[in-house]
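Below is one structure; the comments refer to it alone.
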Amino acid sequence: MNLGELEKLVLKFFWQVKVADAKQVHLHFEKSRGGTLNTIQSTLDRLFKKGLLKRDKEGHAFQYRAAKPRKAFIGKLIKEVTDDFTLGNENSILAAFVSLSSELNEQQLDKLEKMIQDHRASISSGYNS
-13 MNLGELEKLV LKFFWQVKVA DAKQVHLHFE KSRGGTLNTI QSTLDRLFKK
37 GLLKRDKEGH AFQYRAAKPR KAFIGKLIKE VTDDFTLGNE NSILAAFVSL
87 SSELNEQQLD KLEKMIQDHR ASISSGYNS
């Protein structure tokens, strides 16, 4: 997925703020980045059309929010990239993690292992319910 600099900044904003309209987003970026309200409105609309933001009409303005949590979005990006560059019979996500794991230190590997164990436990408890 190809995102521009402002689109990335706006997504990060929504993962922190949760819900805002175009004017609130513009006020946030006006000081640090400049730009017009129209630019922000166009960016919000593009992100909505890409399925990255959701919106609800309240009065005359849309209230926007992230369509997915940050971790889910990052996971989707990783899956898309690995699917694009791995062979059909290869498990792309596992291949990516094996490749990346060579760059991790012991503490990071321990943390990854704990996260996998926690995830297995949550899956097991879900099946037992």
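In terms of the working numbering, the sequence shown opens at residue -13 and continues consecutively. We treat Cβ as the ideally placed atom computed from N, Cα and C, and that holds for glycine.
Margin query: Going by DSSP in three states, residue 35 sits in which element: helix, strand or coil?
Written below: Helix, per DSSP.
Next item on the list: Work out the CA separation of residue 97 and residue 110 for me, nearest whole Å.
Entry: In this model, residue 110 and residue 97 are separated by some 20 Å (Cα to Cα).
Next item on the list: Would you list, in sequence order, the uninterrupted alpha helix (DSSP H) runs of no fewer than 4 residues that lie entirely inside the region 48 to 93?
Entry: Assignment of alpha helix (DSSP H) within the region 48 to 93, counting only whole runs of 4 or more residues, yields 56 to 71, 78 to 87 in chain order.
Next item on the list: Please list, in chain order, all residues of the same chain as residue 63 whose beta carbon is under 7 Å from its beta carbon, the five residues on each side excluded.
Entry: Cβ neighbours of residue 63 beyond the five flanking positions: -13.
Item checked: Straight-line Cα distance separating residue 20 from residue 38 -> Approximately 23 Å between the Cα atoms of the pair.
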